[in-house]
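S.K.: Below you'll find the structure I mean.
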Amino acid sequence: METKNASRKRTATAKAKSERRPSIKKTAKTAAKKDAAKDLQDLFEDSLKDIYWAEKALVKALPLMMKNATDKKLINAIEKHLTETKVHVERLEDCFKALGKKAQAKKCDAMQGILEEGKSIIKETKPGAVRDAGIIAAAQKVEHYEIATYGTLAAFAKVLKEKKCLKNFIDTLGEEKKCDQLLSKIADTALNSKAE
């Protein structure tokens, strides 16, 4: 028969061993957190490649919009946005560099669809107020996509503690919102009344 003293020793030894090694539950939780962080990092980098493609495609598409617009304020707004978009591409390249990655684009189906729609509007309308209104609509769809994407990227960067990227995304997000507001103002004042 086991004595009380021997039983206490065995209990104390088992307790000491369990304190030295992490519990299976604790280890699984830590592993799950690491997997989630890796998954978020992968999603972040994938989204970064996506918007990089989108911004580069926009640099090519904006001159076509500018060429086909007739309203001076609209032409100036598109020209300003083209200049900003080139800076956005540079900021994204800085972010890739901060991550220790080579800047890499991944085809963005959403942006491609929006830009194709913009080209169709230009083809299907005559020069003038109606075409300008269509160009504004297409440009605002671009802005809304970019606002959503940069907002999401900023949230990811904050969680992942990517400070350089976060600052760049916040700066770009502010510029995208201002451009969207400017396009709304142009549409509200001159173009929509002319298109009626």
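Under UniProt numbering, the first residue of the sequence shown is numbered 1, with each subsequent residue one higher.
In this text, a Cβ means the ideal position worked out from N, Cα and C, and glycines have one as well.
Since this is a predicted model, take the numbers as computed values, not measurements.
When the distance is taken between beta carbons, is V142 closer than 8 Å to L48?
M.R.: In the sequence shown, counting from the first residue as 1, residue 48 sits at position 48. In the sequence shown, counting from the first residue as 1, residue 142 sits at position 142. Their beta carbons are not under 8 Å apart, which means L48 does not touch V142 by this criterion.
S.K.: K80: which of D94, F96, Q41 and L62 sits nearest, CA to CA?
M.R.: The residue given as residue 80 occupies position 80 in the sequence shown. The shortest Cα separation from K80 among D94, F96, Q41 and L62 belongs to L62.
S.K.: Can we say the segment 120 to 136 touches the segment 164 to 175, given the rule of at least three CB pairs closer than 8 Å?
M.R.: Segments in contact, no.
S.K.: Would you give the residue range spanned by the alpha helix (DSSP H) that A69 belongs to?
M.R.: Against the sequence shown, residue 69 aligns to sequence position 69. A69 -> no alpha helix (DSSP H), and no H or E assigned at all.
S.K.: Pick from A98, P127, C95 and L43: whose alpha carbon is nearest that of T70?
M.R.: Taking the first residue of the sequence shown as 1, we reach residue 70 at position 70. Out of A98, P127, C95 and L43, P127 has the C-alpha closest to the C-alpha of T70.
S.K.: Among I51, A133 and K73, whose alpha-carbon lies nearest the alpha-carbon of Q112?
M.R.: Locating residue 112 in the sequence shown gives position 112, where the first residue counts as 1. Measuring from the Cα of Q112, the nearest candidate turns out to be I51.
S.K.: Considering only their Cβ atoms, is the gap separating A133 from A187 smaller than 8 Å?
M.R.: Counted from its first residue, the sequence shown places residue 187 at position 187. Counted from its first residue, the sequence shown places residue 133 at position 133. It is a contact, given that the beta carbons lie within the stated cut-off.
S.K.: Is L182 near A98, with beta carbons less than 8 Å apart?
M.R.: Here residue 182 corresponds to residue number 182 of the sequence shown, with the count starting at 1. Here residue 98 corresponds to residue number 98 of the sequence shown, with the count starting at 1. No, the Cβ-Cβ distance between L182 and A98 is not below 8 Å.
S.K.: How far does the alpha helix (DSSP H) with L99 in it reach, from first residue to last?
M.R.: Reading the sequence shown from its first residue, position 99 is the one you call residue 99. Counting along the chain, L99 falls outside any alpha helix (DSSP H), and DSSP gives it neither H nor E.
S.K.: Could you check how far apart the C-beta atoms of K185 and I147 are, in whole angstroms? I think they sit under 8 Å.
M.R.: Indexing the sequence shown from 1 puts residue 185 at position 185. Indexing the sequence shown from 1 puts residue 147 at position 147. At roughly 16 Å, the Cβ-Cβ gap does not stay under 8 Å, so K185 and I147 are not in contact.
S.K.: Distance check for K38 and L74, CA to CA, integer angstroms please.
M.R.: The sequence position of residue 74 within the sequence shown is 74, counting from 1. The sequence position of residue 38 within the sequence shown is 38, counting from 1. One C-alpha to the other measures close to 43 Å.
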